[in-house]
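*Asks:* Following this message is one structure expressed as structure tokens.
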Amino acid sequence: METAWPQVRRALEAEGWNLEAFERPLTWPFDPRPLTVGRVRGTLFGVAIGDALGAPVEGRPGADGAAGPVRRLRPHNGRPAGTVTDDTQLTLAVATSLLERGTLDPEDLVRRFLDAEPELVAAGWATRQALERLGRGAAWWLAGSASAGNGAAMRAAPAGLFCESPDAIRRAAFLQALVTHRDPSAVASSIVHALWVGWLARGGPADAEVLAWLAAAVEGLERPLASRHRKRRSVTLAGLLQEVEGFLGRPQEAFEHFRTGAFVLESFPSAAAVFLSHPEDPEATYLTLVNAGGDTDTMGALAGAWLGAYLGDRGLRSRTPSDWWRVSAAAEIERISRLGTS
Ligand SMILES: [Mg+2]
Numbered sequence: 641m642e643t644a645w646p647q648v649r650r651a652l653e654a655e656g657w658n659l660e661a662f663e664r665p666l667t668w669p670f671d672p673r674p675l676t677v678g679r680v681r682g683t684l685f686g687v688a689i690g691d692a693l694g695a696p697v698e699g700r701p702g703a704d705g706a707a708g709p710v711r712r713l714r715p716h717n718g719r720p721a722g723t724v725t726d727d728t729q730l731t732l733a734v735a736t737s738l739l740e741r742g743t744l745d746p747e748d749l750v751r752r753f754l755d756a757e758p759e760l761v762a763a764g765w766a767t768r769q770a771l772e773r774l775g776r777g778a779a780w781w782l783a784g785s786a787s788a789g790n791g792a793a794m795r796a797a798p799a800g801l802f803c804e805s806p807d808a809i810r811r812a813a814f815l816q817a818l819v820t821h822r823d824p825s826a827v828a829s830s831i832v833h834a835l836w837v838g839w840l841a842r843g844g845p846a847d848a849e850v851l852a853w854l855a856a857a858v859e860g861l862e863r864p865l866a867s868r869h870r871k872r873r874s875v876t877l878a879g880l881l882q883e884v885e886g887f888l889g890r891p892q893e894a895f896e897h898f899r900t901g902a903f904v905l906e907s908f909p910s911a912a913a914v915f916l917s918h919p920e921d922p923e924a925t926y927l928t929l930v931n932a933g934g935d936t937d938t939m940g941a942l943a944g945a946w947l948g949a950y951l952g953d954r955g956l957r958s959r960t961p962s963d964w965w966r967v968s969a970a971a972e973i974e975r976i977s978r979l980g981t982s
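If you read the sequence shown in this note's numbering, its first letter stands for residue 641, the second for the next number, and so on.
Pasting the structure below:
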């Protein structure tokens, strides 16, 4: 189904999308190591842990009043502690589709999203509306919502794991985003997230050196968007990534500068700044993000993917409380991890 790419590319370019970045071949600027089951399991558990930690306080202004700051998994909306939400559920749908089809097949992915839809916990509006159109038979390349939400990025990690080359990761992340988010910044965020996961899972360094490489991978794709912050100047994810390094070790300033909402230009750079502040300390990374207010589960899921890809499951397990691993998706993650590296 690599045929999906040239076809959709022509259609989008006819609409004015700038896909010039895809003319420039992308290569890892380091010697990539083979993917291991530990990195896969670490990435997927990393997503699930951040999602389940953040879900009980999603959308709250900050650390939850009466219950105090989040330090462990808590029940949410009548569901037991450790219940994962759409971030993990859709990540696992992308993973299963990629592994079973051997490539990013948008039609297969749509079927899996529609199958998962009735069980989705706390799905965002952009995804729900796109799934409604897809359920009525809309074509996958037309159904996506005009939304720069973080819903496409949050589920993109499997493209970084299960596609081999940076170019293949970039195409798969593009297509998986487009089925629900027909917005260049949402698509760019999916690409950036998947490439970063791929970078870390193959032994790339967990430092700010990656940011310029990630920005170059999507250069020209976005149209600057008016931000809600900082005097409404126009921004792109590629541009904001270049600002992240200035906020390392200063999480509160990062949250004030980038903000923490579901708009991907807020939550993505905030999560990136916290992860890069202390990639060797997953407990601090998770707790800082899930107690930041705003889209806490998705910031936890994004950073969780980077932590797990970087540390692997053993590294992540040895530096996090054991009861954080009691997430509802554990059996499914084990199944996919074995499938993905067999
Ligand atoms: Mg969620």
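Built from N, CA and C at the ideal position, the CB exists for glycine as well.
Please read all numbers here as calculations on a predicted model, not as lab measurements.
Helix, strand or coil, according to DSSP, for Val591 in the structure here?
*Replies:* Any property of residue 591 remains undetermined from this structure, which presents the chain solely from 641 to 982.
*Asks:* Could you pull the start and end residues of the alpha helix (DSSP H) that Met939 belongs to?
*Replies:* Unbroken alpha helix (DSSP H) run through Met939: Thr936 to Ser958.
*Asks:* What are the complete alpha helix (DSSP H) segments, minimum 4 residues, inside the stretch 668–713?
*Replies:* Taking only runs of at least 4 residues, the alpha helix (DSSP H) segments lying wholly in the stretch 668–713 are 677–694.
*Asks:* Which residues does DSSP list as the beta-bridge partners of His716?
*Replies:* DSSP, once it has assigned bridges, lists Arg719 as partnering His716.
*Asks:* Along the chain, where does the alpha helix (DSSP H) containing Pro919 start, and where does it finish?
*Replies:* Run containing Pro919: none; DSSP gives neither H nor E here.
*Asks:* Is Val837 helix, strand or coil by DSSP?
*Replies:* Three-state DSSP puts Val837 in a helix.
*Asks:* Are there 16 or more other CB atoms within 10 angstroms of the CB of Phe670, so buried, or fewer, so exposed?
*Replies:* Classification of Phe670: exposed, given that the 10 Å Cβ count is below 16.
*Asks:* Tell me where the alpha helix (DSSP H) around Pro864 begins and ends.
*Replies:* First-last for Pro864: undefined, no H or E at that position.
*Asks:* For Met641, which residues of its own chain have a beta-carbon under 6 Å away from its beta-carbon, when the five flanking residues on both sides are left out?
*Replies:* Because Met641 carries a pLDDT of 44, less than 50, the predicted location of this residue cannot be relied on, and the following value inherits that uncertainty. Thr743 and Asp745, listed in sequence order.
*Asks:* Nearest-angstrom Cα distance between Glu747 and Arg810?
*Replies:* Cα-Cα distance, rounded: 18 Å.
*Asks:* Please find out if some non-hydrogen atom of ligand 1 comes closer than 8 Å to the beta-carbon of Met939.
*Replies:* Checking the Cβ of Met939 against ligand 1 gives no.
*Asks:* If you compare alpha carbons, which of Gly952, Ala902, Val858 and Leu905 is closest to Glu920?
*Replies:* Comparing Cα-Cα distances from Glu920 to each of Gly952, Ala902, Val858 and Leu905, the minimum goes to Gly952.
*Asks:* Can you give the Cα-Cα distance for Ala778 and Val687, rounded to whole angstroms?
*Replies:* Rounded to whole angstroms, Ala778 to Val687 spans 30 Å at the Cα level.
*Asks:* Ligand 1 and Asp847: does any heavy atom of the ligand fall closer than 8 Å to the residue's C-beta?
*Replies:* Checking the Cβ of Asp847 against ligand 1 gives no.
*Asks:* On a Cα-Cα basis, can you pick out the residue from Leu713, Ser968 and Arg649 that is closest to Glu923?
*Replies:* Considering only alpha carbons, the answer is Leu713.
*Asks:* If you reduce the DSSP assignment to three classes, tell me which class Val875 lands in.
*Replies:* Val875 falls in the strand class under three-state DSSP.
*Asks:* Check Gly789 in the structure and name its three-state DSSP category.
*Replies:* Gly789 falls in the strand class under three-state DSSP.
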